[in-house]
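Note sheet for the following structure.
There are 2 protein chains.
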Amino acid sequence: MNPITYELIKTDKQTGARLGRVHTPHGSFDTPTFMPVGTLATVKTMSPEDLQSMQANIILSNTYHLWLRPGEDIIREAGGLHKFMNWDGAILTDSGGFQVFSLSDMREIKEEGVHFRNHLNGEKLFLSPEKAMDIQNALGSDIMMAFDECPPYPAEYDYMKASVERTSRWAERCLQAHNRPHDQGLFGIVQGGEYEALRKQSAEDLVSLDFPGYAIGGLSVGEPKHVMNKVLEFTTPFLPSNKPRYLMGVGSPDALIDGAIRGVDMFDCVLPTRIARNGTCMTSNGRLVVRNAKYARDFNPIDEHCSCHVCKNYSRAYIRHLIKCNETFGFRLTTYHNLHFLLKLMEQVRTAIKEDRLGDFKESFFEQYGLNKANPKNF
Amino acid sequence: MNPITYELIKTDKQTGARLGRVHTPHGSFDTPTFMPVGTLATVKTMSPEDLQSMQANIILSNTYHLWLRPGEDIIREAGGLHKFMNWDGAILTDSGGFQVFSLSDMREIKEEGVHFRNHLNGEKLFLSPEKAMDIQNALGSDIMMAFDECPPYPAEYDYMKASVERTSRWAERCLQAHNRPHDQGLFGIVQGGEYEALRKQSAEDLVSLDFPGYAIGGLSVGEPKHVMNKVLEFTTPFLPSNKPRYLMGVGSPDALIDGAIRGVDMFDCVLPTRIARNGTCMTSNGRLVVRNAKYARDFNPIDEHCSCHVCKNYSRAYIRHLIKCNETFGFRLTTYHNLHFLLKLMEQVRTAIKEDRLGDFKESFFEQYGLNKANPKNF
């Protein structure tokens, strides 16, 4: 029996978006969903109880970072990542592939894997499909990701084709190296850039290996939004309807809605937590930079339409004061609010799918968030 | 009716320590007690719920810091400090006197007050008894402190005598300037350094003004512990038994016990929260520097005898990992533990007083904490 299963509940008649449920060894979650990112075995500033109280049922953690600190052996000894960080919900770990390409220096890609220097102290390291599986097996995440090559955007067709084929060979090696298929589900990652033929080739290669879920990688890497949407439109039909689909690295409200409309079930991104630590909040009326001077005497909540604990108890003036003073409780409050905002947004998306009105919901959300203005902010 | 009242419940037959209860407009608390410090309207890394869950019923906040940021007018507009920071328990504010002497440059003490430059940007400022009352009235704390001069240690007798007399004149001006005597209680601060005659003079001056409580200032400023204990021994008998006594700036476990034994009811200090952010924890077996390498694979709790949420759910290895990675959740966990430790210690002290065995408790606590060794650590 596969540890990860997906249940398609219904599709939205307006858009084709999918309402579903994913079952894992650490509980189930409704989709489409957003996964908060806990890079170093902690969602920055949040406690597990904070995350539970906003109904986060699955979080993401980063294999590359945990491999370097504290090291996967320590987490294995602790009894796995869930126990180490006191999180009883589901965990998805990435493969380290993206970080090798985004954070490290002097990488050399070979068929056996990638040689590179780490971003902390320049030490020489080697990551391969087998090593990525070994680390993730030590972490014990519910959902593991195959080790892929993450090509830059844009990339030439020939480069991308060779890369996609290597990623497929690596995916097969990942499946073979995976030691805990009974309690950890491994997802393949579809690459291929903006080329439909290569996305098709990548998806077909991976689907033939019968993963319990599929990620769409190589998006949100600098391409315009319309390119991302186009790629999603032609890629998701290549994926089986009885498996979950995960769009990696996407967390702006518009992209979450646009992704759901194109058949995506799972998303993750550091955006809500990262901007929170810079004093920027997502609200139903668009983004609000609470550290701005104009909020010094504003005793309203961050978002008057928000039902979260932060908006019920704290004012913009107080949060601005904390952030100006570099008080971590301020970052804790903005982080909580932003994550709650995105999780609530996904709940609204699911309700809209249930009621066959996700197209209408998108229209009204985009209008209120300010996304229909000329040159809207990215989030 | 005075907003602050003290109820003496009983004294310990072994030591004379006082078990009591202080009533404030924002609830009552049992004494002896320790007050966590929330300098900038936040106990660093903690939420109000965190503090409530460890039974902190009163916290301290700093007038000087809030005067500079965000400014007392903003807090007044917010409806006072309780509302601004979402804290429904009691709050004590200091007068700013200590910070003027410890943080500022180029201070000039005159009869009307103190001219100085602030520690943030060097701006010229002036703090006086009247200004300190005005700010604290804006903050709306339950317990306010009179504006005093904090002389250095050691100081000559003649300097100290003149200073004590000025502090008494300032105390009278504070009483006259205090605009909210119906809902904020003002404490006088006994000074006098290590001179018994001056402590007596200071106490008699202030007691004649009939404050609802008295602080003992000018201790924990660099003098040896035996000097502090001696000063407490000859000072508390000058204070009325029906008013609470507050020893300012003391938070090491031994000094809390020694202070209680000498008749002190309230304490505050940044020690537990400050060392927590450096990865140092207080435990029943003495202090533990959890960031040390030897805890990298130690999956025990910080303190195996501790019942706090942190010790029930997190290991030394996890907390060390977080702190090494500069993750604020690590500081949140060590801060929670240390504050819980001191609040629990004060609960043990109160129980020991109730059972007339505080002397015995001190003996066994000092032994287990390692305070009876040669050259013990300061905390």
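Those sequence lines, one after another, are chains X and B. So that you can map any letter, position 157 of the first sequence is 157 in full-length UniProt numbering, and since no number is skipped, the others follow by simple counting. So that you can map any letter, position 239 of the second sequence is 239 in full-length UniProt numbering, and since no number is skipped, the others follow by simple counting. C-beta atoms are modelled at their ideal positions from N, C-alpha and C, and glycine is treated no differently.
Exercise for the section: Please report the Cβ distance between G251(B) and P212(B), rounded to the nearest whole angstrom; I am assuming they are in contact, meaning their Cβ atoms lie under 8 Å. Expected result: Reading the second sequence from its first residue, position 251 is the one you call residue 251(B). Reading the second sequence from its first residue, position 212 is the one you call residue 212(B). The pair is not a contact, with the Cβ atoms about 24 Å apart (cut-off 8 Å).
Handout entry: At least 3 beta-carbon pairs within less than 8 Å: the region 141-155 of chain B vs the region 213-222 of chain B
Key = Using a Cβ-Cβ distance cut-off of 8 Å, the region 141-155 of chain B and the region 213-222 of chain B are in contact, since at least three pairs of beta carbons, one from each stretch, lie closer than that value.
Handout entry: Buried versus exposed call for S163(B) [16 or more other C-beta atoms within 10 Å across all chains shown]
Key = By one-based count along the second sequence, residue 163(B) stands at place 163. Result: buried.
Practice task
Kindly list, in the order they appear in chain X, the residues whose Cβ is closer than 9 Å to that of C281(B).
Solution key: Locating residue 281(B) in the second sequence gives position 281, counting from the first residue. Those do not exist, as C281(B) stays about 17 Å from chain X at its closest Cβ, beyond 9 Å.
Exercise for the section: State the Cα-Cα distance for the pair H82(B) and G188(X), rounded to the nearest angstrom. Expected result: Locating residue 82(B) in the second sequence gives position 82, where the first residue counts as 1. Locating residue 188(X) in the first sequence gives position 188, where the first residue counts as 1. H82(B) and G188(X): Cα-Cα distance of roughly 52 Å.
Practice task
Answer with yes or no whether the minimum CB distance from Y318(B) to chain X is below 7 Å.
Solution key: Within the second sequence, the letter at position 318 stands for residue 318(B). Yes, Y318(B) lies at the interface with chain X (some Cβ there is under 7 Å from its Cβ).
Exercise for the section: Would you please verify whether the beta carbon of H182(X) is less than 7 Å from any beta carbon of chain B? Expected result: To locate residue 182(X), count along the first sequence from 1; it is residue 182. No, no contact with chain B.
Problem - Given 8 Å, three or more beta-carbon pairs between the region 329-336 of chain X and the region 34-52 of chain X - result: Here the region 329-336 of chain X lies against the region 34-52 of chain X, with 3 or more beta-carbon pairs under 8 Å apart.
Handout entry: Nearest-angstrom beta carbon gap, N300(X) and S284(X) [assumed within contact, 8 Å]
Key = Locating residue 284(X) in the first sequence gives position 284, where the first residue counts as 1. Locating residue 300(X) in the first sequence gives position 300, where the first residue counts as 1. With 8 Å as the limit, S284(X) and N300(X) do not qualify as a contact, their Cβ atoms being about 13 Å apart.
Handout entry: Euclidean distance between Cα positions of C308(B) and D298(B)
Key = What you label residue 308(B) is simply residue 308 of the second sequence in a count that begins at 1. What you label residue 298(B) is simply residue 298 of the second sequence in a count that begins at 1. Taking C-alpha positions only, C308(B) is separated from D298(B) by approximately 18 Å.
Problem - Residues bridged to G185(X) [DSSP beta-bridge criterion] - result: Reading the first sequence from its first residue, position 185 is the one you call residue 185(X). Looking at the DSSP output, G185(X) sits in a beta bridge with I143(X).
Problem - Stretch pair the region 341-352 of chain B + the region 315-327 of chain B: three plus CB contacts closer than 8 Å - result: No, because fewer than three Cβ pairs between the region 341-352 of chain B and the region 315-327 of chain B fall closer than 8 Å, the two stretches do not touch.
Practice task
Check whether the Cβ atoms of I135(X) and E204(X) lie closer than 7 Å to each other.
Solution key: Counting from 1 along the first sequence, the entry for residue 135(X) is found at position 135. Counting from 1 along the first sequence, the entry for residue 204(X) is found at position 204. The criterion of a C-beta distance shorter than 7 Å is not satisfied by I135(X) and E204(X).
Practice task
Give the DSSP-derived three-state secondary structure of M346(X) in the structure shown.
Solution key: As a working note, residue 346(X) is residue 346 in the first sequence. When DSSP states are grouped into helix, strand and coil, M346(X) belongs to the helix group.
Exercise for the section: Compare the beta carbon distance of R69(X) and C325(B) with 7 Å and say whether it is the shorter of the two. Expected result: Working through the first sequence from its first residue, we reach residue 69(X) at position 69. Working through the second sequence from its first residue, we reach residue 325(B) at position 325. In terms of Cβ geometry, R69(X) and C325(B) form a close pair [threshold 7 Å].
Problem - Within the region 1-74 of chain X, ranges of the beta strand (DSSP E) (whole runs, at least 3 residues) - result: With a minimum length of 3 residues, the continuous beta strand (DSSP E) runs that stay inside the region 1-74 of chain X are 5-11, 18-24, 27-31, 33-35 and 58-61.
Practice task
Please report how far the alpha carbon of E112(X) lies from the alpha carbon of N313(B), in whole angstroms.
Solution key: Along the first sequence, one-based indexing puts residue 112(X) at 112. Along the second sequence, one-based indexing puts residue 313(B) at 313. If you take the alpha carbons of E112(X) and N313(B), they lie about 40 Å apart.
Problem - Within chain X, the residues that C325(B) reaches when beta carbons sit closer than 7 Å - result: As a position in the second sequence, residue 325(B) is number 325, starting the count at 1. Simply L40 and R69.
Handout entry: Within chain B, partners of I86(X) - CB distance below 7 Å
Key = Here residue 86(X) refers to the residue found at position 86 of the first sequence. The sequence given here places Asn at residue 86(X); Ile does not occur at that position. Within 7 Å Cβ-Cβ: N313 and Y314.
Exercise for the section: Could you work out which residue in E165(X), M1(X), T235(X) and M282(X) is closest to D183(X) when comparing CA atoms only? Expected result: Taking the first sequence and counting its residues from 1, one reaches residue 183(X) at position 183. With distances taken between Cα atoms, D183(X) lies closest to M1(X).
Exercise for the section: Measuring only between beta-carbons, confirm whether R245(B) sits less than 7 Å from chain X. Expected result: By one-based count along the second sequence, residue 245(B) stands at place 245. False, the Cβ-Cβ gap to chain X never drops below 7 Å.
Handout entry: Residue-level contact to chain X via CB, L322(B), 7 Å cutoff
Key = Residue 322(B) sits at position 322 when you count from the first residue of the second sequence. So, interface residue.
Handout entry: Below-7 Å beta-carbon distance, A293(X) vs any chain B residue
Key = Locating residue 293(X) in the first sequence gives position 293, where the first residue counts as 1. Not an interface residue.
Problem - Beta-carbon spacing of F147(B), G97(B) below 7 Å - result: As a position in the second sequence, residue 147(B) is number 147, starting the count at 1. As a position in the second sequence, residue 97(B) is number 97, starting the count at 1. Going by C-beta atoms, F147(B) is nearer than 7 Å to G97(B).
Exercise for the section: Determine the contact status of F116(B) and S102(B), defining contact as a CB-CB distance below 7 Å. Expected result: Within the second sequence, numbered from 1, the residue matching residue 116(B) stands at position 116. Within the second sequence, numbered from 1, the residue matching residue 102(B) stands at position 102. No, they are not a contact pair.
Exercise for the section: Examine chain X for any beta-carbon lying closer than 7 Å to the beta-carbon of I58(B), and answer yes or no. Expected result: Taking the second sequence and counting its residues from 1, the one referred to as residue 58(B) is at position 58. Using a Cβ-Cβ cut-off of 7 Å, I58(B) does not count as an interface residue toward chain X, since no Cβ of chain X sits closer than that to its own.
Problem - Closer than 7 Å to chain X by CB, F329(B) - result: In the second sequence, counting from the first residue as 1, residue 329(B) sits at position 329. Yes, its Cβ sits closer than 7 Å to a Cβ of chain X.
Practice task
Kindly list the residues whose CB is nearer than 6 Å to the CB of R76(B), restricted to its own chain and excluding five residues on each side of it in sequence; keep chain order.
Solution key: If you number the second sequence from 1, residue 76(B) lands on position 76. The residues are A138.
Problem - Chain-ordered residues of the region 100-128 of chain X with a beta carbon less than 8 Å from chain B - result: Flagged: no residues at all.
Problem - Same chain, Cβ closer than 6 Å to L256(X), five either side skipped, listed in chain order - result: Numbered from 1 along the first sequence, position 256 holds the residue referred to as residue 256(X). For L256(X), where only same-chain residues beyond five positions count, the Cβ hits under 6 Å are F267.
Practice task
Could you pull out every residue in the same chain whose Cβ sits closer than 7 Å to the Cβ of P376(X), ignoring the five residues on either side in sequence?
Solution key: Numbered from its first residue, the first sequence carries residue 376(X) at position 376. For P376(X), where only same-chain residues beyond five positions count, the Cβ hits under 7 Å are G370.
Exercise for the section: Pull up the distance between the alpha-carbon of E233(X) and that of F366(X), whole angstroms please. Expected result: Start at 1 with the first residue of the first sequence, and residue 233(X) comes out as number 233. Start at 1 with the first residue of the first sequence, and residue 366(X) comes out as number 366. Whole-angstrom Cα-Cα distance: 20 Å.
Exercise for the section: Check whether the region 119-131 of chain X touches the region 82-91 of chain X, counting contact only when three or more Cβ pairs, one atom from each stretch, lie closer than 8 Å. Expected result: As far as the Cβ criterion goes, the region 119-131 of chain X does not touch the region 82-91 of chain X, which means the pair count is below three.
Handout entry: Between the CA atoms of Y295(X) and G279(X) - distance to the nearest angstrom
Key = Against the first sequence, residue 279(X) aligns to sequence position 279. Against the first sequence, residue 295(X) aligns to sequence position 295. Between G279(X) and Y295(X), the C-alpha separation is close to 11 Å.
Practice task
Measure the Cβ-Cβ separation of I58(B) and G38(B) and say whether it is below 7 Å.
Solution key: In the second sequence, the residue the question calls residue 58(B) occupies position 58. In the second sequence, the residue the question calls residue 38(B) occupies position 38. The answer is no: Cβ separation not under 7 Å.
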